[in-house]
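Since the structure comes first, as structure tokens, the remarks are kept for the end.
Number of protein chains: 2
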Amino acid sequence: MNDKVHVPTKAPIRIPTLNKGLGSYSREPGSADVARLDWNLLREDLSLPTAVLYEERLLHNLDWMQRFISAYGAKLAPHGKTTMAPRLFELQLQAGAWGITLATAHQTQVAYAHGVRRVLMANQLVGKQNMVAIGELLHDSDFDFYCLVDSAEQIDQLGKFYSQLNLRLNVLVELGVKGGRTGVRDDAQLQLVLTALSRWKPSIALSGLEIYEGVLHDEPSIRAFLFRAVEVTRQLASESRFDRSPILLSGAGSAWYDVVAEAFSSSVFGDAVEIVLRPGCYLTHDVGAYREAQNRIRENNPIARQMNSELLPALQVWAYVQSIPESEKAIVGMRRSTPVFPYLRSISDLAMQDRKWHQRIGQYQK
Amino acid sequence: MNDKVHVPTKAPIRIPTLNKGLGSYSREPGSADVARLDWNLLREDLSLPTAVLYEERLLHNLDWMQRFISAYGAKLAPHGKTTMAPRLFELQLQAGAWGITLATAHQTQVAYAHGVRRVLMANQLVGKQNMVAIGELLHDSDFDFYCLVDSAEQIDQLGKFYSQLNLRLNVLVELGVKGGRTGVRDDAQLQLVLTALSRWKPSIALSGLEIYEGVLHDEPSIRAFLFRAVEVTRQLASESRFDRSPILLSGAGSAWYDVVAEAFSSSVFGDAVEIVLRPGCYLTHDVGAYREAQNRIRENNPIARQMNSELLPALQVWAYVQSIPESEKAIVGMRRSTPVFPYLRSISDLAMQDRKWHQRIGQYQK
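These protein sequence lines map, in sequence, to chains A and B. Residues 27 to 392, numbered by the numbering used here, are exactly what the first sequence covers, in order. Residues 27 to 392, numbered by the numbering used here, are exactly what the second sequence covers, in order.
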């Protein structure tokens, strides 16, 4: 399976100017036209706010993370919810990603519609319409799909549904921590999950184990959690619980991927385990939100040192200063918490940044 | 102008199932089909999360606010950014709204495309593409548009642009408070604004005065701000600064509309001033975010007492409980801060609510 790289196909798209708020365009440009339009922000060819992706930096990050993860012998399944941009999924798969991580059945439908053929859905699959939607995709034997389970009740729902359809659903048991989000907390819960899984063979196939360490915030707790994940994987493997070879072992958000890569890969599973890591924010990279992680990696990580480079901020948001009503206050015309830019830390940081750009725009226009 | 009610026209629409994440539908239902589909949430006919608008409650709120504002002799220009739903704009206009308030040139384009013909843009208009977009709409003599100004620099940009096109742009001077958002802070700033306006007659027409009191959080400060707005309006009127008769005086978000209605309407301007209030959240009404306002209105407001009714919560979000990993913790499959539902106060409140519904769904399915 490992050598199967699924690359989505390109299809031309029209840019709906009214939906996107580009400004005033009499017709909807096609994706092929955009380069010819020669949009220039300083000439105000587009309405602001506008998010700009810097291609060179984005490609640097694309390559950097793929090389970093590969250096540990691990696979990369970038979390796609960060961008939900099929064109970027395509770049990631072409660069060597094992698959795309997604959060919901709906996101999976969207990715599939754009050609993605391997998805790790890092959530429990629940709900009739969601099960139907995934079921339809599973009829495609080229579609490789994994989702999470953490309770007997949920497994019974999945088992009942997919066994009736004679479909096989691959699942990963999620381990969680007390006070965290989803995931099995202790051995008693784990046994209930395993018992439920045994009821639904072969419809529900246990393919591996999953964690999300990002609910914890200090390295010792995270390392303890990773150790537990490794131990449980070893235990379940020794009991021949897994229906996949190699066994999948997956973890890592964008803040601790270095620690997860190191801990999982040093657990000497050899070929028996396929390690799949899921950072999602690396393509654009937020120098604010991930400052601590970046410092740690730069200072301590041997692979990063060898690569002698790091992730670069590749996304910039341009917005208008619409008023400077007090000498130390600029009001910028954009939302503070737009889902597209979840990493902006404060509007005041941005305002200061924008005032600088404002001056540059002024210079350009003179 | 006051008797001119602009009602958008209805056009059939298709519901893009993949964009909306409805679940698994082989074809896109048209808006006319939806009622026939007889969707039932308890039967899980739709993928969750799903936002449900309760028609009867929404129509009650629609009528309630229109009657409340009218009782003060004021006009209602509901803030449309809250829903950005043209079908709801249509209901509001049919119920007697004076116009629709919007936040950006782009929102204005969208509303215009759906038939809205009177817009109060409660923001400074800045930026070339935004000026172009509004300029195109101004060629339609049936389109009545107002936006805010608060600095000479901004007015000069607008004046230069619209005078070249021989267009007339109606503006309201925004007053603001120290520490707040946009708006003229003091008399010195106001004089600069007035001087700039005098440079661009008749291209830039001063139609009135605007405030947003919601940046303040206690009634005495708000009343002082309202008093200042009334005084400045009186002063500018006595200097014959306004190019519109009646003069527009606009304020009020969804938390203080009762106080603004009362303060503005008791200022005895008579027919010389048209009071336009802009609450936006009343259609769906959030019982959490606006609890304090609702209590104040229920207890103190003579009009509300006379009406003997109040706003009702009309929006409910349904989501799946995907895991109950600890006995006191339910994990619900929805975002905490989706722009569509900005009023959910905490995921834990919701989780508790959902566990109750979860049980009801269970009962339904048995």
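The beta-carbon is built from N, C-alpha and C at its ideal position, and this holds for glycine as well.
With a 10 Å radius around its C-beta and 16 neighbouring C-beta atoms as the bar for buried, classify Thr-76 (chain B) as buried or exposed. Within the second sequence, numbered from 1, the residue matching residue 76 (chain B) stands at position 50. The residue is buried, with at least 16 neighbouring Cβ atoms inside 10 Å.
So is Pro-351 (chain B) buried or exposed if we call it buried at 16+ other beta carbons inside 10 Å? Here residue 351 (chain B) refers to the residue found at position 325 when the second sequence is read from its first residue. The residue in question, Pro-351 (chain B), is buried, as its Cβ has 16 or more Cβ neighbours within 10 Å.
Beta-carbon proximity of His-105 (chain A) to Gly-306 (chain A), cut-off 7 Å: In the first sequence, residue 105 (chain A) corresponds to position 79, counting from 1. In the first sequence, residue 306 (chain A) corresponds to position 280, counting from 1. Yes, these two residues count as a Cβ contact at 7 Å.
Determine whether the beta carbon atoms of Val-302 (chain A) and Ala-61 (chain A) lie at a separation below 7 Å. The residue labelled residue 302 (chain A) in the question sits at position 276 within the first sequence. The residue labelled residue 61 (chain A) in the question sits at position 35 within the first sequence. Their beta carbons are not under 7 Å apart, which means Val-302 (chain A) does not touch Ala-61 (chain A) by this criterion.
Under a CB-based cut-off of 7 Å, is Gln-353 (chain A) close to chain B? Taking the first sequence and counting its residues from 1, the one referred to as residue 353 (chain A) is at position 327. Gln is not the amino acid found at residue 353 (chain A); the sequence shown has Ser there. Answer no: the Cβ-Cβ gap between Ser-353 (chain A) and chain B never drops below 7 Å.
Would you say Leu-74 (chain B) faces chain A, with C-beta separation under 7 Å as the test? The residue labelled residue 74 (chain B) in the question sits at position 48 within the second sequence. Yes, Leu-74 (chain B) counts as interfacial toward chain A.
In the DSSP output, what is Trp-344 (chain B) paired with across the bridge? In the second sequence, counting from the first residue as 1, residue 344 (chain B) sits at position 318. Paired residues: B:Thr-76.
Anything in the segment 150-173 of chain A with a Cβ closer than 7 Å to a Cβ of chain B? List those residues in chain order, please. Gln-150, Val-152, Gly-153, Lys-154, Gln-155, Asn-156, Val-158, Ala-159, Glu-162
Residue closest to Gln-150 (chain B), alpha-carbon to alpha-carbon, out of A:Gly-56, A:Val-347, A:Ala-263, A:Ser-335: The count along the second sequence starts at 1 and reaches residue 150 (chain B) at position 124. The closest CA to that of Gln-150 (chain B), considering only A:Gly-56, A:Val-347, A:Ala-263, A:Ser-335, is found on A:Val-347.
Stretch-stretch touch, CB-based, cutoff 8 Å, three pairs: the segment 68-88 of chain A with the segment 276-295 of chain A: no
Separation of Thr-127 (chain A) from Arg-304 (chain A), as counted between CA atoms: The sequence position of residue 304 (chain A) within the first sequence is 278, counting from 1. The sequence position of residue 127 (chain A) within the first sequence is 101, counting from 1. For Arg-304 (chain A) and Thr-127 (chain A), the distance between alpha carbons rounds to 7 Å.
On the criterion of 16 or more Cβ atoms from any shown chain inside 10 Å, does Ser-73 (chain A) qualify as buried, or is it exposed? What you label residue 73 (chain A) is simply residue 47 of the first sequence in a count that begins at 1. So Ser-73 (chain A) counts as buried.
Can you list the residues of chain A that Gln-135 (chain B) reaches, using a CB-CB cut of under 7 Å? By one-based count along the second sequence, residue 135 (chain B) stands at place 109. Chain A residues near Gln-135 (chain B): Leu-44.
Per DSSP, what kind of secondary structure is Pro-351 (chain A) in: helix, strand or coil? Against the first sequence, residue 351 (chain A) aligns to sequence position 325. If DSSP states are grouped into helix, strand and coil, Pro-351 (chain A) belongs with the strands.
Reduced DSSP secondary structure (H/G/I, E/B, other) of Val-152 (chain A): Counting from one through the first sequence, the residue named residue 152 (chain A) turns up at place 126. Note: Val-152 (chain A) maps to coil in three-state DSSP.
Measure the beta-carbon distance from Gly-202 (chain A) to Asp-176 (chain A) and round it to whole angstroms, keeping in mind my assumption that it falls under 8 Å. The residue labelled residue 202 (chain A) in the question sits at position 176 within the first sequence. The residue labelled residue 176 (chain A) in the question sits at position 150 within the first sequence. Between Asp-176 (chain A) and Gly-202 (chain A) the Cβ distance is about 7 Å, and since that is below 8 Å, they are a contact.
Identify whether Val-397 (chain B) lies in helix, strand or coil by the three-state DSSP scheme. Not covered by the structure: residue 397 (chain B). The range shown for chain B is 27 to 392.
Tyr-172 (chain B), enclosing beta strand (DSSP E) - first and last residue: In the second sequence, residue 172 (chain B) corresponds to position 146, counting from 1. 170-175 is the span of the beta strand (DSSP E), which, as asked, contains Tyr-172 (chain B).
6 Å CB neighbourhood of Asn-156 (chain B) in its chain, flanking five on each side removed: Locating residue 156 (chain B) in the second sequence gives position 130, where the first residue counts as 1. So the list reads Ala-131, once near-sequence residues are dropped.
With a threshold of 7 Å between beta-carbons, can His-311 (chain A) be considered close to chain B, or not? Locating residue 311 (chain A) in the first sequence gives position 285, counting from the first residue. Cβ-Cβ to chain B under 7 Å: no for His-311 (chain A).
If we call anything under 7 Å between Cβ atoms a contact, is Leu-232 (chain A) one with Leu-223 (chain A)? Walking along the first sequence from the start, residue 232 (chain A) turns up at place 206. Walking along the first sequence from the start, residue 223 (chain A) turns up at place 197. Cβ distance < 7 Å, so Leu-232 (chain A) and Leu-223 (chain A) count as in contact.
Strictly under 7 Å for the Cβ-Cβ distance: is Gly-141 (chain B) near chain A by that measure? Here residue 141 (chain B) corresponds to residue number 115 of the second sequence, with the count starting at 1. Taking Cβ atoms only, chain A never reaches closer than 7 Å to Gly-141 (chain B), which makes this a no.
Less than 7 Å between CB atoms is the rule here; does Arg-254 (chain A) satisfy it with respect to chain B? Your numbering for residue 254 (chain A) matches position 228 in the first sequence. Taking Cβ atoms only, chain B never reaches closer than 7 Å to Arg-254 (chain A), which makes this a no.
How is Val-313 (chain A) classed by DSSP in three states: helix, strand or coil? In the first sequence, the residue the question calls residue 313 (chain A) occupies position 287. Here DSSP, grouped into helix, strand and coil, assigns Val-313 (chain A) to coil.
Quick one: does Arg-207 (chain B) have its CB under 7 Å from some CB of chain A? For the purposes of this step, residue 207 (chain B) is taken as residue 181 along the second sequence, with counting starting at 1. Arg-207 (chain B) counts as touching chain A.
Residues in the same chain with beta-carbon distance under 6 Å from Gln-118 (chain B), minus the five sequence neighbours each way, listed in chain order, please. To locate residue 118 (chain B), count along the second sequence from 1; it is residue 92. Pro-104.
What's the C-alpha gap between Tyr-51 (chain A) and Phe-115 (chain B)? Within the first sequence, numbered from 1, the residue matching residue 51 (chain A) stands at position 25. Within the second sequence, numbered from 1, the residue matching residue 115 (chain B) stands at position 89. Distance between the alpha carbons of Tyr-51 (chain A) and Phe-115 (chain B): 24 Å.
Is it true that the CB of Tyr-188 (chain B) sits closer than 7 Å to the CB of Leu-195 (chain B)? Within the second sequence, residue 195 (chain B) is the residue found at index 169, counting from 1. Within the second sequence, residue 188 (chain B) is the residue found at index 162, counting from 1. For Leu-195 (chain B) and Tyr-188 (chain B), yes; Cβs fall inside 7 Å.
Please identify, using Cβ separations under 7 Å, the residues of the segment 338-349 of chain A that lie next to chain B, in order along the chain. Close to chain B, meaning a Cβ-Cβ distance shorter than 7 Å, are the following residues of the segment 338-349 of chain A: Tyr-346, Gln-348, Ser-349.
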